[in-house]
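Chains as they are written, first to last, in our numbering: chain A, 98 to 874; chain B, 79 to 233.
Ideal Cβ placement from N, Cα and C applies to all residues, glycine included.
Here the structure is a predicted model, which is why all the values come from computation and not from measurement.
Everything below concerns the one structure shown next.
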């Protein structure tokens with residue numbers, strides 16, 4: 098079972114249209130909810146009048162800030178606040194702080210009536226000065242976005258190891274650059290959707306696409322003033338997540354408020370433009386980077402300052418500096434590092450977690466700087482990286498305990514795919530370009546080709562962001578030998594159901610398709626922190642493995658009595674339990690024998706796995722956050738049109754150290770899908786925000802890579818057999834797209850000799866860089 | 079608004095409906111006919127998740143009014159799925175790993191079927207061009223293209 102290319106268990110239903118997504122949920126009497134957003138990026142609300150809207154036939158409930166749950170007693174009663182910064186309420190009453198601020202919401206018998214009702218709600222605003230730039234928000238005297246916070250600086254991160262002065266002193270070359278990184282959308286194919294329903298006891302059932310069902314229970318209880326135990330989350334099939342579901346967002350409590358007021362279930366499903374407006378986006382950042390190296394090819398120091406615009410409310414976007422810091426401090430061996438970041442409120446869109454969680458951003462600046470250092474030192478880009486690469490069984494100065502590590506193997510694997518000629522060209526051309534700043538460096542040929550490399554370091558054994566990074570699992574074998582795996586983890590398309598079923602199938606000696614995976618109901622499944630940080634195969638896999646071993650122990654105990662053998666001699670295979678050269682007994686028969694008797698028992702194995710990791714120290718940010726780390730390298734081959742600035746990626750080769758691939762087809766799927774996102778980040782994807790307004794809220798203007806745009810894609814699996822992973826596996830989910838933008842930027846440099854420090858590297862930006870380099874020659 | 083009396087042949091069966099003339103084919107398929115395999119990803123014809131066949135030709139059903147399909151024949155993913163298994167395109171997508179979250183899949187299936195109907199032995203470039211109207215955020219498309227190519231190769 099382990100190492101097999103097993104098709105996803107949920108794929109046939111998805112191929113035939115039988116799968117039930119959130120948009121497909123229909124409950125009796127269900128109403129359709131729509132949200133009225135603010136007209137101004139920053140304003141006082143003077144009046145909200147819903148009387149005309151309420152008279153529209155078909156409207157069943159309208160909620161405004163007056164309906165926000167309140168907590169506390171008497172005059173102290175204040176609206177319940179939720180979110181990472183406890184700065185949000187479902188609906189906004191006094192002040193709106195962004196154009197995605199929810200002012201009112203309507204539930205009606207159909208979506209058209211709900212939409213019409215929104216137009217009948219009268220809101221009077223008194224516009225306030227707004228801040229659309231993080232630097233402006235930090236200036237003395239800037240208007241406060243959350244006055245109770247006292248400052249627009251929400252949080253700051255200050256990390257260091259080694260001694261920067263020493264690092265600079267030791268350097269033979271020091272380079273610096275400014276980077277500007279954009280808003281990016283998850284662009285899951287399914288838009289955000291929720292269905293809220295109350296029962297006669299006042300208990301809430303929420304049908305949700307969340308990635309954190311158990312944390313959402315708690316978050317909703319805060320937002321709604323309900324007990325967590327009175328909230329049940331049922332996860333529908335999820336049409337793409339990528340970090341979107343890692344927090345509570347206002348539409349979820351709003352659906353519950355509407356449902357409670359109307360006394361009927363309510364569904365809110367976003368339109369695509371609404372998704373671009375109101376779903377969280379990757380936070381933009383301005384980053385200043387300095388880095389040095391010695392003539393012998395060893396990196397000496399990195400010094401990074403990042404200014405992040407987190408938008409009008411805090412979500413998990415404000416914690417991405419933790420990951421940026423990790424890449425800065427621990428990707429390659431760097432003796433001296435300083436990393437600082439400030440997260441700032443503005444009146445821009447709210448930002449959240451997006452696949453990679455700060456890593457695509459930091460890998461872009463770290464790996465393009467690595468490339469510049471290699472060029473400055475006249476070193477082959479692969480050779481330079483290998484000289485500085487992380488190695489197995491080392492602890493980084495940041496406290497990451499690296500166990501299995503295939504970084505060198507990944508670099509060698511992608512280098513081997515670059516033809517020898519072009520690799521020599523990189524080194525020699527770089528040398529030549531350093532020595533001769535002449536216009537002829539850009540020859541008269543219009544289309545120029547180049548190759549570039551970049552690597553990534555990613556948590557591969559969970560990430561302790563919360564006090565627990567655990568997951569529970571139960572494996573049950575019934576009277577008919579049918580196996581149920583009840584796991585706390587969440588399927589978001591990545592294939593966790595199938596990989597976990599493979600682990601259980603291997604232990605119990607049954608077919609993968611004989612296992613039913615139950616993973617969607619908080620009333621049924623055991624606790625799990627959520628599907629994030631590439632953690633499911635490692636954490637939920639270990640939990641499922643423990644549960645399966647316990648179920649097998651119970652089976653062997655009873656089978657040993659039946660077969661008159663010792664449990665130690667038994668093996669489980671082909672749905673049967675047997676000793677060598679003995680008759681076999683079927684699983685179902687063993688289960689029946691165990692429970693149809695006096696003092697009988699059922700076959701149920703329980704598992705709980707919480708990795709041996711640490712929360713990072715709150716002051717130094719040091720500590721071993723993950724039980725193991727994943728690595729990857731990519732090689733991009735590009736063709737740059739020097740007349741139009743258009744960059745075409747011809748080939749992208751991705752090598753990833755995944756410990757062990759439990760399902761190589763699923764691993765490739767993660768890498769290839771990640772690459773599609775990385776390619777978009779590099780070349781086409783940017784949510785354009787002007788004065789707080791999203792200007793390109795559709796797929797015509799927000800360009801995802803299509804089949805026709807995709808380069809030749811090759812994924813290479815590097816196996817290092819992690820000592821703590823289930824069957825040696827470690828996480829892969831986020832690595833696929835992380836180094837892509839850097840590899841492409843480095844390839845563009847190789848092709849035409851210009852360095853881009855902004856993504857996406859659009860034709861306009863490439864052409865501008867080419868023009869500037871011509872002028873400077 | 080006066081209702082529109084719509085006659086539609088859906089997956090080979092004639093259906094008669096009284097609808098609001100402003101409604102799209104996608105809306106009528108999903109909500110009146112309970113054919114929820116066609117998905118609404120954008121409602122603007124950009125993502126392809128709602129692709130169905132109209133008179134055998136692939137269309138984004140969010141971009142056409144149901145009333146404009148009066149008297150015509152529509153095939154959805156439910157219509158190409160055999161009672162006892164999978165269409166070869168569906169099977170190829172399952173077996174080659176071309177499905178992750180699956181939200182784009184029914185549209186992808188219909189676009190691929192239309193492509194192969196039109197061009198039974200497409201090259202890789204033709205498949206990539208033919209499916210360019212169907213966005214997928216999970217797979218990177220490689221396994222989807224491989225799956226569609228394998229249908230004709232019979233692999």
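> Is any beta-carbon of chain A found at less than 8 Å from that of residue 217 of chain B?
Replying inline: yes
> Hey, would you say residue 552 of chain A sits closer than 8 Å to residue 730 of chain A, going by beta carbons?
Replying inline: yes
> Identify the residues that DSSP records as bridge partners of residue 857 of chain A: which are they?
Replying inline: DSSP, once it has assigned bridges, lists no residue as partnering residue 857 of chain A.
> If the cut is a Cβ gap below 7 Å, which residues of chain B does residue 181 of chain A touch?
Replying inline: Those within 7 Å of residue 181 of chain A in chain B number zero; the least Cβ separation is about 25 Å.
> Where do the ends of the alpha helix (DSSP H) carrying residue 478 of chain A lie?
Replying inline: 478 to 485
> Going along chain B, which residues have a C-beta under 9 Å from residue 875 of chain A?
Replying inline: The requested residue 875 of chain A is not part of the displayed model; chain A covers only 98 to 874.
> What number of angstroms, rounded off, separates the C-alpha of residue 701 of chain A from the C-alpha of residue 605 of chain A?
Replying inline: 12 Å
>> Less than 8 Å between the C-beta atoms of residue 899 of chain A and residue 399 of chain A, yes or no?
In response: The structure shown does not extend to residue 899 of chain A, since chain A is modelled only from 98 to 874, so the question has no answer here.
> So is residue 144 of chain B in contact with chain A if we call contact Cβ pairs under 8 Å?
Replying inline: no
> Which runs of the alpha helix (DSSP H) spanning at least 4 residues fall entirely within the region 669 to 748 of chain A, listed in chain order?
Replying inline: 684 to 692
>> Using a 10 Å radius around the Cβ and a threshold of 16 neighbouring Cβ atoms, would you call residue 96 of chain B buried or exposed?
In response: exposed
> Roughly how many angstroms separate the alpha carbons of residue 515 of chain A and residue 780 of chain A, rounded to a whole number?
Replying inline: 22 Å
>> By the 7 Å beta-carbon criterion, what residues does the region 768 to 801 of chain A contribute toward chain B?
In response: 769, 770, 772, 773, 795, 796, 797, 801
>> Beta-carbon within less than 7 Å of residue 767 of chain A's beta-carbon, same chain only, minus the 5 sequence neighbours each way: which residues are those?
In response: 591, 829, 830, 833
> Mapping DSSP to helix, strand and coil, what is residue 104 of chain A?
Replying inline: coil
>> Check for me: the alpha helix (DSSP H) holding residue 761 of chain A runs from which residue to which?
In response: 761 to 780
> Measuring CA to CA, which of A/350, A/302, A/144, A/339 is closest to residue 321 of chain A?
Replying inline: A/350
> Taking the alpha-carbon positions, what's the residue 127 of chain A to residue 107 of chain B distance?
Replying inline: 19 Å
>> Give me the chain B residues within the contact set of residue 589 of chain A, using Cβ-Cβ distance strictly less than 7 Å, ordered along the chain.
In response: 179
>> Using only CA atoms, which one of A/796, A/746, A/574, A/497 lies nearest to residue 723 of chain A?
In response: A/497
> Can the beta-carbon of residue 115 of chain B be found closer than 8 Å to that of residue 211 of chain B?
Replying inline: no
> Taking 8 Å as the CB-CB cut-off, is residue 832 of chain A touching chain B?
Replying inline: no
> When Cβ atoms are compared, which residues of the region 115 to 128 of chain B fall closer than 9 Å to chain A?
Replying inline: 115, 116, 117, 118, 119, 120, 121, 122, 123, 124, 125, 127
> When the cut-off is 8 Å and only beta carbons count, does residue 533 of chain A lie next to chain B?
Replying inline: Low confidence applies to residue 533 of chain A: its pLDDT is 38, below 50, so where it sits in the model is not reliable, and the reading given next is rough at best. So, not an interface residue.
> Taking the C-alpha atoms as reference points, what is the distance between residue 150 of chain A and residue 219 of chain A?
Replying inline: 9 Å
> Which residues in chain A sit within 8 Å of residue 206 of chain B, going by Cβ to Cβ distance?
Replying inline: 804, 805, 807
>> What does the alpha-carbon distance come out to for the pair residue 100 of chain B and residue 683 of chain A?
In response: 60 Å
> So, does the CB of residue 513 of chain A fall closer than 8 Å to a CB anywhere in chain B?
Replying inline: no
> Do you know whose CA, among A/598, A/297, A/679, A/309, lies nearest residue 450 of chain A's CA?
Replying inline: A/309
> Name the DSSP bridge partner or partners of residue 385 of chain A?
Replying inline: A/275, A/402
> Mind pulling the chain B residues with CB within less than 9 Å of residue 365 of chain A?
Replying inline: Ordered by position in chain B, no residue passes the 9 Å Cβ test against residue 365 of chain A, which lies about 14 Å from the chain.
> Do you know how far the Cα of residue 469 of chain A is from the Cα of residue 525 of chain A?
Replying inline: Because residue 525 of chain A sits at a pLDDT of 47, beneath the cut-off of 50, its placement in the model cannot be relied upon, and the following sentence gives the value as read from the coordinates. Approximately 14 Å between the Cα atoms of the pair.
> Checking contacts by CB at 8 Å: is residue 220 of chain B closer than that to chain A?
Replying inline: yes
> Are residue 355 of chain A and residue 208 of chain A touching if we call contact CB-CB under 8 Å?
Replying inline: no
> Should residue 600 of chain A and residue 860 of chain A be called a contact, given that it needs their Cβ atoms to be closer than 8 Å?
Replying inline: no
> With a cut-off of 8 Å, does the C-beta of residue 156 of chain B fall near any C-beta of chain A?
Replying inline: yes
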